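Student: Just dropping this structure here.
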Amino acid sequence: MSKSGRVAALLLCLGLLAPAAGGAPASADPPGAAALDQRITDAARRLETVVEQYNDAGIALRETLARARTLDGTLAPLEADLDARQRTLGGLAASLYRHNLYGPDVTLLSTRNPRDFVDQLLTLHRIDTEQRRAIDAFRMARDRVDATRAALEATAAEQNRQRARLAATRAAIEQQIAALQALRRDAYGGGYRLPDVELPPPPYVPGAAGRAVAFAFAQIGKPYRWGADGPDAYDCSGLTSQAWARGGARLAHNARRQYHEMRHVSRADLRPGDLVFYYGGISHVGLYIGGGKIVHAPEFGERVRVEDADFAPVHGYGRPTG
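If you want it as structure tokens, here you go:
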């Protein structure tokens, strides 16, 4: 197959080129360089959305595992409670045996005078009350254990479903990455390399925001890689989460979660260190550095760089607190 045919086939695979009418193979005329770059950019943007979904699923899975560990930790004391109740019941049974109080008929026959009979009835009543209370407590503890076990099993089942979703998402990401890499190779030849990124001087920003900005600047030129949070590569939310970790704020490795974790600010109130979120589904994020610029990990095939804050549709702005 010719180079142009391979490009067309890859574009069809990625859904970027419509097949010819009647199901015939698509015309093999490759798109111009600018059009091809735009299609690659569009595909990479869709891929980034999947990456952010993958990151979010990973966070959800870790939360499920944490809940499972918490539930597991409650089982041991409940089991100990059950054992204690069983020992209490055993003690009551032994007390009944010692007092020969297994039934009213036996009690009456074994009593030689009314005073002893009354004393034994009072003892029977006290022991019976204690026994009933112990039995009730035993049943409540047992029910708590059963409910906890059921919750743990439900959590484990949800964990397995999340793992299956993660595996499917990961496979889709890897397939798209492989197709994009092949598309790059066919479009640019074997000599394609990431463009060099000129490192501008970092602005002076004081405090926690300054530490976040300084860290982001130090990552300029490093490649984008899905799911990465350094030190050699980053995706968009991986870069912002690591930058603000230096500023003392713990952010999720997911753009949408980051947006909902912090105070929102207006465009007019933007300060260096604030985060800028993009697209309706909040699938991208960058770190504002002032002067209408951000540092961000753009997309597959690109490097961390400085860019205009309005390079894409803005969803909103947020301010982490360190």
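Residues -23 to -1, 1 to 299 in mature numbering (1 follows the signal peptide of the UniProt record, and there is no 0) are what the sequence shown spells out, letter by letter. Glycine is no exception: its CB is placed at the ideal position from the N, C-alpha and C atoms. Model, not experiment: these values are computed from the prediction.
So G295 is in the beta strand (DSSP E); what residue range does that whole segment cover?
Tutor: Here the beta strand (DSSP E) through G295 covers 291 to 296.
Student: Given that a residue counts as buried once 16 or more other Cβ atoms are within 10 Å of its Cβ, and exposed if not, what is N231?
Tutor: The residue in question, N231, is buried, as its Cβ has 16 or more Cβ neighbours within 10 Å.
Student: Which residue or residues does DSSP assign as beta-bridge partners of H261?
Tutor: Y255.
Student: Who are K270's beta bridge partners in DSSP?
Tutor: For K270, which the question treats as bridged, DSSP gives the partners G267, D285.
Student: Closest by CA to Q158, which one among G299, A20, T298?
Tutor: Here the closest residue by C-alpha is A20.
Student: Tell me which same chain residues have a C-beta within less than 7 Å of the C-beta of A43, skipping the five on either side of it?
Tutor: Same-chain partners within the cutoff: there are none.
Student: Compare the Cα-Cα distances from R39 to each of G295, Q139, E238, R116 and report the closest residue.
Tutor: Ranking G295, Q139, E238, R116 by Cα distance to R39 puts Q139 first.
Student: On the criterion of 16 or more Cβ atoms from any shown chain inside 10 Å, does T47 qualify as buried, or is it exposed?
Tutor: By the neighbour-count rule (16 or more Cβ atoms within 10 Å), T47 is not buried but exposed.
Student: Using a Cβ-Cβ cutoff of less than 8 Å, which residues in the same chain neighbour Y31 once the five nearest sequence positions on both sides are dropped?
Tutor: So the qualifying residues of the chain are L143, T146, R147, I150, W203, G204.
Student: According to DSSP, is P54 helix, strand or coil?
Tutor: Residue state, collapsed to three classes: helix.
Student: Can you pull the DSSP bridge partners for V242?
Tutor: According to DSSP, V242 bridges with Y294.
Student: Can at least three beta-carbon pairs, one atom from the stretch 222 to 236 and one from the stretch 265 to 282, be found at a separation below 8 Å?
Tutor: Because the criterion of three Cβ pairs below 8 Å is not met, the stretch 222 to 236 and the stretch 265 to 282 do not touch.
Student: Could you give the first and the last residue of the continuous alpha helix (DSSP H) run that contains Q219?
Tutor: 213 to 223 is the extent of the alpha helix (DSSP H) around Q219.
Student: Is DSSP giving R126 helix, strand or coil here?
Tutor: Three-state DSSP puts R126 in a helix.
Student: Using 8 Å for Cβ pairs, my map puts Y201 next to A274. What's the rounded Cβ distance?
Tutor: Yes, they are in contact, since the Cβ atoms of Y201 and A274 sit about 5 Å apart, within 8 Å.
Student: For Y181, does the three-state DSSP call read helix, strand or coil?
Tutor: Y181: coil per DSSP, three-state reduction.
Student: Kindly indicate which three-state DSSP category D209 falls into: helix, strand or coil?
Tutor: D209: coil per DSSP, three-state reduction.
Student: Is DSSP giving residue 336 helix, strand or coil here?
Tutor: Residue 336 lies beyond the residue range present for the chain, which begins at -23 and ends at 299; the question has no answer from this structure.
Student: If you measure between the beta carbons of A111 and L55, is that distance less than 8 Å?
Tutor: No, Cβ-Cβ distance for A111 and L55 is not below 8 Å.
Student: For R280, name the three-state secondary structure that DSSP assigns.
Tutor: In this structure, R280 counts as strand in the three-state DSSP scheme.
Student: Indicate whether A189 and A220 have their beta-carbon atoms separated by less than 8 Å.
Tutor: Yes, the pair counts as a contact, with Cβ atoms nearer than the cut-off.
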